[in-house]
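S.K.:
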Amino acid sequence: MIIKRALSSSISNFYDIIITGGGMIGSVLACKLASNPVFRNISILLIESGPKKPWNIELTKNKDNFSNRVSSLNNNTKVLLQKINVWDIIESCSCQDVSQIKVWGPGSNNISTTFDVEDNFNLDHLAYIVENDVLIAAVMTALNNYDNVHVLHDNIVTEYKISKNTEETVKLRLKNEEHIECNLLIGTDGINSKVRQAMDVQYLSWNYNQKAVVATLKIERLKDNNTAWQKFLHSGPIALLPLADEISSLVWTTTPDYAKMLLSLSEESFVDALNTALWKEPIKDVFASSVTNIVSAVLKTLNIHEKHEEIIPPTITQVLKNTRAAFPVGFGHAVSYVIPHVALVGDAAHRVHPLAGQGVNLGFGDVECLDSILSKYFLIGVKLGDIRALREYETIRQRCNVPKLIAIDFIQKIAGNSWSPLLATTNAGFQVTDAVSLLKKFFIDRAAT
Ligand SMILES: Cc1cc2nc3c(=O)[nH]c(=O)nc-3n(C[C@H](O)[C@H](O)[C@H](O)COP(=O)(O)OP(=O)(O)OC[C@H]3O[C@@H](n4cnc5c(N)ncnc54)[C@H](O)[C@@H]3O)c2cc1C
Numbered sequence: 418m419i420i421k422r423a424l425s426s427s428i429s430n431f432y433d434i435i436i437t438g439g440g441m442i443g444s445v446l447a448c449k450l451a452s453n454p455v456f457r458n459i460s461i462l463l464i465e466s467g468p469k470k471p472w473n474i475e476l477t478k479n480k481d482n483f484s485n486r487v488s489s490l491n492n493n494t495k496v497l498l499q500k501i502n503v504w505d506i507i508e509s510c511s512c513q514d515v516s517q518i519k520v521w522g523p524g525s526n527n528i529s530t531t532f533d534v535e536d537n538f539n540l541d542h543l544a545y546i547v548e549n550d551v552l553i554a555a556v557m558t559a560l561n562n563y564d565n566v567h568v569l570h571d572n573i574v575t576e577y578k579i580s581k582n583t584e585e586t587v588k589l590r591l592k593n594e595e596h597i598e599c600n601l602l603i604g605t606d607g608i609n610s611k612v613r614q615a616m617d618v619q620y621l622s623w624n625y626n627q628k629a630v631v632a633t634l635k636i637e638r639l640k641d642n643n644t645a646w647q648k649f650l651h652s653g654p655i656a657l658l659p660l661a662d663e664i665s666s667l668v669w670t671t672t673p674d675y676a677k678m679l680l681s682l683s684e685e686s687f688v689d690a691l692n693t694a695l696w697k698e699p700i701k702d703v704f705a706s707s708v709t710n711i712v713s714a715v716l717k718t719l720n721i722h723e724k725h726e727e728i729i730p731p732t733i734t735q736v737l738k739n740t741r742a743a744f745p746v747g748f749g750h751a752v753s754y755v756i757p758h759v760a761l762v763g764d765a766a767h768r769v770h771p772l773a774g775q776g777v778n779l780g781f782g783d784v785e786c787l788d789s790i791l792s793k794y795f796l797i798g799v800k801l802g803d804i805r806a807l808r809e810y811e812t813i814r815q816r817c818n819v820p821k822l823i824a825i826d827f828i829q830k831i832a833g834n835s836w837s838p839l840l841a842t843t844n845a846g847f848q849v850t851d852a853v854s855l856l857k858k859f860f861i862d863r864a865a866t
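Under the working numbering, residues 418 to 866 are what the sequence shown spells out, in order.
1. So Glu598 packs on Asn739, CB below 8 Å; how close in whole Å?
2. Could you please give the first and the last residue of the uninterrupted beta strand (DSSP E) stretch that includes Gly749?
3. Classify Trp696 as helix, strand or coil using the three-state DSSP reduction.
4. Look at Asn624 and Pro745 and say whether their C-beta atoms are less than 8 Å apart.
5. Between which two residues does the beta strand (DSSP E) holding Ser792 run?
6. Do Phe649 and Thr531 count as a contact pair if the criterion is CB distance below 8 Å?
7. Counting along the chain, where does the alpha helix (DSSP H) carrying Arg590 start and finish?
8. So, at 6 Å on beta carbons, what are the nonlocal neighbours of Glu465 in its own chain, with the 5 sequence-adjacent residues on each side left out?
9. Measuring straight from C-alpha to C-alpha, what distance separates Asn482 and Glu663?
10. Buried or exposed: His596, going by 16 or more other Cβ atoms within 10 Å of its Cβ?
11. Taking 7 Å as the cut-off, does the CB of Met441 come closer than this to any heavy atom belonging to ligand 2?
12. So, helix, strand or coil for Cys599, using DSSP?
13. Are the beta-carbon atoms of Ser792 and Val455 separated by less than 8 Å?
14. Sorted by chain position, which residues of the same chain lie with C-beta nearer than 8 Å to Ala451's C-beta, five sequence neighbours on each side aside?
15. Can you give the Cα-Cα distance for Leu801 and Asp617, rounded to whole angstroms?
16. Have a look at the DSSP bridge pairing and note the partners of Ala544.
17. Sorted by chain position, which residues of the same chain lie with C-beta nearer than 7 Å to Ile825's C-beta, five sequence neighbours on each side aside?
18. Can you tell me whether Arg768 is helix, strand or coil according to DSSP?
19. Return helix, strand or coil for Ile828, following the three-state DSSP convention.
20. Provide the residue(s) that pair with Pro659 in DSSP beta bridges, ordered along the chain.
21. Does the beta-carbon distance from Val630 to Leu680 come in below 8 Å?
22. By the 10 Å Cβ neighbour count, where 16 or more other Cβ atoms means buried, how is His722 classified, buried or exposed?
23. Mind checking Lys677: buried by the 16 CB within 10 Å criterion, or exposed?
24. Going by CA-CA distance only, name the one from Ala806, Gln848, Tyr545, Cys786 that's closest to Asn818.
25. If the criterion is Cβ atoms closer than 8 Å, does the pair Gly780 and Asn493 meet it?
26. Counting along the chain, where does the beta strand (DSSP E) carrying Thr583 start and finish?
27. Tell me which residue opens and which closes the beta strand (DSSP E) that Lys635 is part of.
28. Ignore the nearest five residues each way along the sequence and tell me which others in Arg486's own chain have a CB closer than 6 Å to its CB.
29. When you compare only the Cα positions, how much space is there between Phe860 and Gln647?
30. Looking at C-alpha atoms only, which residue of Ala742, Leu657, Ile459 is the closest neighbour of Ile518?
31. Is it true that the CB of Val515 sits closer than 8 Å to the CB of Pro659?
32. Could you tell me whether any non-hydrogen atom of ligand 1 is closer than 7 Å to the CB of Val547?
33. Measuring alpha carbon to alpha carbon, tell me which residue in Val556, Ile507, Gly522 is nearest Lys469.
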């Protein structure tokens with residue numbers, strides 16, 4: 418039985434589910450659970466350490482400033498956001514469709530792979546570029562429609578009591594000394610998750626000794642700015658993600674020292690450095706060139722035609738004021754996502770390099786899966802927090818996430834590497850993927866699910 422007692426901050430002392438971390442994953446998870454008819458009578462608390470940000474849809478629609486934190490969302494994520502009725506709002510405020518993705522490496526501007534939505538992928542668009550803040554604000558607004566969820570900003574859990582006894586609830590103490598309990602605690606508190614630490618599960622992690630420099634850019638006027646560009650350099654990839662007609666978002670992964678230097682440059686010098694990095698002709702590598710010729714000959718023998726399209730990226734004309742920032746990038750994976758009464762979702766459970774634009778999409782996959790499994794077990798009378806349901810969630814998500822984490826880590830290690838055999842392998846990868854449409858479909862399917 419649920420006993421609710423009012424506390425000073427108008428929250429109860431018991432919730433069926435407590436979610437800590439109101440970023441993109443925590444807010445969407447709260448909304449997905451709250452909107453699920455199966456959970457109409459359960460109580461949910463979402464705790465976010467940051468302040469509540471005021472949001473005005475009309476101002477957001479008509480704005481001309483763009484946040485430097487954006488995400489490339491895949492089709493599955495769009496469907497999830499449609500289910501919780503926030504996609505239309507996000508789309509009307511800030512969302513640029515991606516119909517082409519052009520990827521090339523340090524070997525040659527003629528060796529590249531182009532993914533085009535017209536290549537019969539059965540998708541309306543390859544991806545959608547959305548500002549993170551807009552997504553969170555739209556979801557937080559939608560949460561007001563549900564009276565089974567309470568959002569607490571500016572607060573954190575300072576103490577976690579997680580018992581090994583499966584009958585006991587999870588007991589939490591908040592910053593303001595209040596005590597609350599729940600049947601199920603879900604950690605969506607990001608890469609340094611305190612919930613994960615309290616669970617005391619093994620966490621496999623490493624840093625890439627790279628930083629991702631982000632910025633909002635003005636680019637030369639293009640007819641339609643619907644192409645995402647990614648160039649792999651020896652120091653890391655540079656990605657340009659379309660945001661509006663003449664605006665793109667930058668994610669430039671490079672060494673920590675170079676990232677620091679890029680942040681210290683004047684705006685003009687930064688733009689010059691970026692254009693040079695995008696346009697610079699590669700240094701010829703004799704071994705890699707001969708492997709490229711052999712691959713071309715093999716493809717020709719197999720009657721597979723190469724397009725040999727030369728990549729011509731857009732010219733950057735300006736970096737918008739105060740939009741440059743740098744973030745560390747790394748790999749992380751919790752060996753267990755669950756223990757009795759506790760689960761991890763999103764970056765709290767797994768962290769990937771941003772080169773494939775997959776991090777938050779994997780987290781949204783976790784959200785969809787956890788909601789569906791919890792409701793399946795709840796309907797047959799199994800209590801929230803029961804380890805059987807949580808284990809099923811963990812198994813399904815690890816089967817999906819682990820191969821992707823490994824593949825992205827592998828790409829990070831070989832693409833852009835200057836050692837001749839790896840350069841040759843990267844070039845061959847671009848050549849073959851570009852020429853074989855089944856391979857392209859394979860990659861797009863994997864990225865969309
Ligand atoms: C440069 C860069 C570019 C990226 N681009 C893409 C992309 O294009 N596509 C993609 O899919 N992914 C991308 N990612 C990854 C994506 O940003 C993350 O996967 C995503 O932000 C994870 O969301 P989350 O809600 O799990 O965690 P977070 O975004 O880290 O949110 C965690 C939330 O929890 C709150 N919090 C933290 N600790 C506590 C606590 N103790 N109590 C309460 N609240 C707490 C924080 O304030 C925050 O709001 C990118 C990452 C980087 C660094």
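Glycine included, each C-beta is placed from N, C-alpha and C at the ideal position.
M.R.: According to the structure data:
1. With 8 Å as the limit, Glu598 and Asn739 do not qualify as a contact, their Cβ atoms being about 43 Å apart.
2. Here the beta strand (DSSP E) through Gly749 covers 742-751.
3. Helix at Trp696.
4. Going by C-beta atoms, Asn624 is nearer than 8 Å to Pro745.
5. Where Ser792 is concerned, there is no enclosing beta strand (DSSP E), although the alpha helix (DSSP H) it sits in stretches over 776-796.
6. With contacts defined by Cβ atoms closer than 8 Å, Thr531 and Phe649 do not form a contacting pair.
7. Looking at the DSSP string, Arg590 is not in any alpha helix (DSSP H); the run it does join, the beta strand (DSSP E), is 587-591.
8. Counting only Cβ-Cβ distances below 6 Å, and skipping sequence neighbours, we find Gly439, His570.
9. Between the alpha carbons of Asn482 and Glu663 lies a distance of about 12 Å.
10. Exposed, since its Cβ has fewer than 16 Cβ neighbours within 10 Å.
11. Of the ligands one can find in the structure shown, namely ligand 1, none is ligand 2.
12. Reduced to three states, the DSSP call for Cys599 is strand.
13. Yes, the pair counts as a contact, with Cβ atoms nearer than the cut-off.
14. If we look at Ala451 and ignore the five residues flanking it on each side, its Cβ neighbours are Ile461, Leu560, Tyr563, Asn565, Val566.
15. For Leu801 and Asp617, the distance between alpha carbons rounds to 21 Å.
16. For Ala544, which the question treats as bridged, DSSP gives the partners Val515.
17. Counting only Cβ-Cβ distances below 7 Å, and skipping sequence neighbours, we find Val769, His770, Leu772, Ala773, Gln775.
18. Strand.
19. Ile828 sits in a helix when the DSSP states are folded into three classes.
20. In the DSSP secondary-structure assignment, Pro659 is bridged to Ser665.
21. Leu680 sits close to Val630, with the two beta carbons spaced by under 8 Å.
22. By the 10 Å Cβ count, His722 comes out exposed.
23. Under the 10 Å beta carbon count, Lys677 is surrounded by fewer than 16 other beta carbons and is classified as exposed.
24. It is Cys786 whose Cα lies nearest to the Cα of Asn818.
25. Not a contact, by the Cβ cut-off of 8 Å.
26. It is not in any beta strand (DSSP E) - Thr583 carries neither H nor E in the DSSP assignment.
27. Counted as a single uninterrupted DSSP element, the beta strand (DSSP E) harbouring Lys635 occupies residues 620-636.
28. A distance below 6 Å between beta-carbons, with the five flanking residues on each side excluded, links Arg486 to the following residues of its chain, in chain order: Asn549.
29. C-alpha separation (whole angstroms): 15 Å.
30. When each option's Cα is compared against that of Ile518, the closest is Leu657.
31. With respect to the 8 Å criterion, Pro659 and Val515 are classified as neighbours on the basis of their beta carbons.
32. No, since every heavy atom of ligand 1 falls outside the 7 Å radius drawn around the Cβ of Val547.
33. Minimum Cα-Cα distance from Lys469 among the listed residues Val556, Ile507, Gly522 corresponds to Val556.
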